[in-house]
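Okay, structure first, notes after.
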């Protein structure tokens, strides 16, 4: 529960540090004194969106820090999952907002995201403001209340798990059908392209080989003449390089006995002689192989033209890419032929999952129906003492045509405050005061079902007064006894008198401007504050005595 809050440079607050107590506490103050500022600051540490306009004029940043005691509320898993140190006796949430728009969040001095802060904040505090009464008209809000009170988390989780699987398969099926239809429309085109490519019979490396052969065939006569001439120069019978080299070797051989260097030169020439003979033989063989073949040249050019035209048509640069494209077309055709099998498989899986969705939804509906009957009786028992002797409250569950993420149930809270009145949607016929009492009763029931450390009611007493206000205070007082902290921001003396602790928000003018403050009142100060709430600015003895009497009832 909330132990303390520190606020600096927020709105009209220069610096504020206030401790809170457990049980039922009240906050009072004149309109405009700054009660909404306190709530706004609490909202920051609960992960709400920051506005730089809320920074006190002239300050570079604002800081809000709230300390909670969470030992008895089973929150350790959150800290383990988010790798944050768990401190049960002193959990600290801090938010810093700079004038440049940057915002930083910390949980136990560990940097945290706003999502993490909001997730933890929802486990720590429920702030009920007047605008929340408008949520009573939202079906999703009513269903959420029903689920909380039904305590159907496991059944809802099981349902949502199978529902997500069902939706996933349904989407996969729809996508597959759309893909199949498109592919079938393209089937003739794909088949024609594949047949043309398969007919071409392309092979890896073929283009390079054909281009080289085309060059050779196109210049066959020149190549053959050149090779013949080279062969004659190397190995001609008269003046050929081979014969001259042999003659040179013989000359050096005759000198080896009288001139030593001649031996080394002769050996080196012998290596050249062997190499020249090999070259001569290879040139001769090549010269014999090269021949002018117009028919082969025509075939090679036709083959290359086919390859070039296919490359241009399919916008690729190589035979290898054309072969890859062939495989791609072949795979597409194979996929088209297997579409029917896959569609039938997915349809069967979807049908099976849908049946399981309905089965899980039926379990969820049973739990909700049982809870709805309990809510109806509990709500009437809570609302009758709150000045509604003829009240009727019903929870109507209507089956949906198709399941959604929450199940098969459409939920409506029905209400009638008058004898023999027709049950209608609670938000459409209840007055402001009646809505406030309905919401307080629902919150009281929720508080009994959920381990929520702190509940703050922001003027939930709107539209009520007198003995009804006192009975609403008794409900909040009872909620505060259940290992829970309840704080009510109120304008009614009947509610203010029931608090274990009483805090007052007020404004104070200084030389530097106006500041908002909050402090805990002493017993005598409480008498004065409640007396003013009874009589207004002019304090009367009767109001003081009335205030003492109200506080005496509390004791």
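In the working numbering, the protein residues as written are -6 to 548. Glycine included, each C-beta is placed from N, C-alpha and C at the ideal position. Just so you know, these numbers come straight off a predicted model, no measurement behind them.
- In this structure, the alpha-carbon of residue 48 lies about 10 Å from that of residue 94.
- With a threshold of 16 other beta carbon atoms within 10 Å, residue 436 meets it and is buried.
- Annotated as proximal: residue 155 and residue 349, with beta-carbon spacing under 8 Å.
- Under the 10 Å beta carbon count, residue 174 is surrounded by fewer than 16 other beta carbons and is classified as exposed.
- With a cut-off of 8 Å on Cβ pairs, the region 531 to 538 is not in contact with the region 498 to 513, counting fewer than three such pairs.
- Three or more Cβ pairs drawn from the region 438 to 454 and the region 473 to 482 lie within less than 8 Å of each other, which places the two stretches in contact.
- In this structure residue 267 is exposed. Its beta-carbon is surrounded by fewer than 16 other beta-carbon atoms within 10 angstroms.
- Of the residues 430, 253 and 101, the one whose Cα lies closest to the Cα of residue 113 is 101.
- The region 308 to 324 makes contact with the region 180 to 191, as at least three CB pairs between them are under 8 Å.
- For the 8 Å CB-CB criterion, residue 544 and residue 490 form a contact.
- Cβ neighbours of residue 369 within its own chain (closer than 8 Å, five residues either side excluded): 386, 387 and 388.
- Using a Cβ distance threshold of 8 Å, residue 361 and residue 44 do not count as a contacting pair.
- As DSSP reads the structure, residue 36 sits in no beta bridge.
- Residue pairing of residue 503 in beta bridges, as defined by DSSP: 506.
- Of 211, 455 and 501, the smallest CA-CA separation from residue 486 is found for 455.
- For the pair residue 518 and residue 508, the CB atoms are not nearer than the 8 Å cut-off.
- Proximity of the region 376 to 385 to the region 423 to 436 meets the contact definition, three or more beta-carbon pairs being nearer than 8 Å.
- The alpha carbon of residue 81 has as its nearest neighbour, out of 87, 68 and 74, the alpha carbon of 68.
- Boundaries of the beta strand (DSSP E) harbouring residue 401: 400 to 409, taken from the DSSP string.
- Annotated three-state conformation of residue 24 is coil, per DSSP.
- Look at the beta carbons and you see the region 257 to 264 not touching the region 311 to 319: under three pairs across the two are nearer than 8 Å.
- The DSSP-derived three-state label of residue 137 is helix.
- DSSP places residue 525 in the uninterrupted alpha helix (DSSP H) bounded by 516 to 528.
- Closest in C-alpha terms to residue 61, from the list 12, 240 and 135, comes 12.
- Taking a contact to require three or more Cβ pairs closer than 8 Å, the region 127 to 141 and the region 103 to 117 do not qualify as touching.
- Between the region 207 to 214 and the region 290 to 303, the count of C-beta pairs closer than 8 Å reaches three or more; the two stretches touch.
- Ranked by how close their Cα comes to the Cα of residue 149, the residues 413, 470 and 398 have 398 in first place.
- When the alpha-carbon of residue 233 is set against those of 504, 77 and 269, the nearest one is in 269.
- Taking 8 Å as the cut-off, the Cβ atoms of residue 488 and residue 451 do not count as close.
- Here the C-alpha atom of residue 34 lies approximately 7 Å from the C-alpha atom of residue 3.
- DSSP places residue 120 outside any alpha helix (DSSP H); the residue lies instead in the beta strand (DSSP E), whose first and last residues are 118 to 121.
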